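Input: a single structure, listed below in structure tokens.
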Amino acid sequence: MTPEQIRDLATVDLKAHWLESFGAPSPKKMRRTTLERILVCEAQWRQSGEGRVAIRQQLERVAASADKNAPSASEGTRLIREWHGTEHVVDVIDGMYHWNGRAWTSLSAIAREITGAKWSGPRFFGVKA
């Protein structure tokens, strides 16, 4: 079944297709759009002819390379993060993080100050620790 055919199914038929595809009824509280997306992914996987192990390994390689490609907060870096409509700029100078006219030793402390919640600073700013 093509993605277009799956999207065109009535909800009753969508649930029947789920049962046929997975051998179990669809989760009761799952939204229709989620059912569609999962069934479309399943159809695409079957059409590809690749085994699940090969696809999982590809996804793991992509995820691992994404982590390696994250920028680092090295000397001279400018980090920019928008939070609730306000742009926050942090400059890395002399091993310190400069934000709002102050020098900070921790990105996490800056993230906590911005959000009011405990955050990983590198995660908040999208950089490697």
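With the numbering used here applied, the sequence shown corresponds to residues 4 to 132, in that order. Note that beta-carbon positions come from the ideal geometry of N, C-alpha and C, so glycine has one too. This one's a predicted model, so the numbers in the text were calculated from it and none came from an experiment.
**Q.** Candidates A66, T118 and T80: closest to H87 by CA position
**A.** To locate residue 87, count along the sequence shown from 1; it is residue 84. The shortest Cα separation from H87 among A66, T118 and T80 belongs to T118.
Q) Under the rule that 16 or more other beta-carbon atoms within 10 Å means buried, what is F25, buried or exposed? A) By 1-based counting over the sequence shown, the position of residue 25 is 22. Exposed is the call here.
Q | Anticipated Cβ contact below 8 Å, A76 with L110, distance rounded | A | The residue labelled residue 76 in the question sits at position 73 within the sequence shown. The residue labelled residue 110 in the question sits at position 107 within the sequence shown. Contact flag correct, Cβ pair sits at about 7 Å.
Q) Can you tell me where the beta strand (DSSP E) with R134 in it begins and where it stops? A) This structure does not reach residue 134, given that the chain is present from 4 up to 132, and the question cannot be answered.
Q. From which residue to which residue does the alpha helix (DSSP H) around E90 run?
A. Here residue 90 corresponds to residue number 87 of the sequence shown, with the count starting at 1. No alpha helix (DSSP H) holds E90; the beta strand (DSSP E) holding it covers T89 to I96.
Q. Opposite K131 in the DSSP bridges: which residues?
A. Within the sequence shown, numbered from 1, the residue matching residue 131 stands at position 128. According to DSSP, K131 bridges with S75.
**Q.** Residue interval of the beta strand (DSSP E) (run including L82)
**A.** Taking the first residue of the sequence shown as 1, we reach residue 82 at position 79. Taken as a continuous stretch (DSSP letters only), the beta strand (DSSP E) holding L82 covers R81 to W86.
Q: Please name the residue in T108, G104 and W21 whose C-alpha comes closest to that of D97.
A: Within the sequence shown, numbered from 1, the residue matching residue 97 stands at position 94. The option with the nearest alpha carbon to D97 is T108.
(Q) Buried or exposed, going by whether 16 or more other CB atoms sit within 10 Å of the CB of G124? (A) As a position in the sequence shown, residue 124 is number 121, starting the count at 1. The residue in question, G124, is buried, as its Cβ has 16 or more Cβ neighbours within 10 Å.
Q: Would you tell me roughly how many angstroms separate the C-alpha atoms of R55 and Y100, rounded to the nearest one?
A: Indexing the sequence shown from 1 puts residue 55 at position 52. Indexing the sequence shown from 1 puts residue 100 at position 97. Cα to Cα, R55 sits roughly 44 Å from Y100.
**Q.** Proximity below 8 Å, CB of R84 to CB of F127
**A.** Taking the first residue of the sequence shown as position 1, residue 84 is located at position 81. Taking the first residue of the sequence shown as position 1, residue 127 is located at position 124. Yes.
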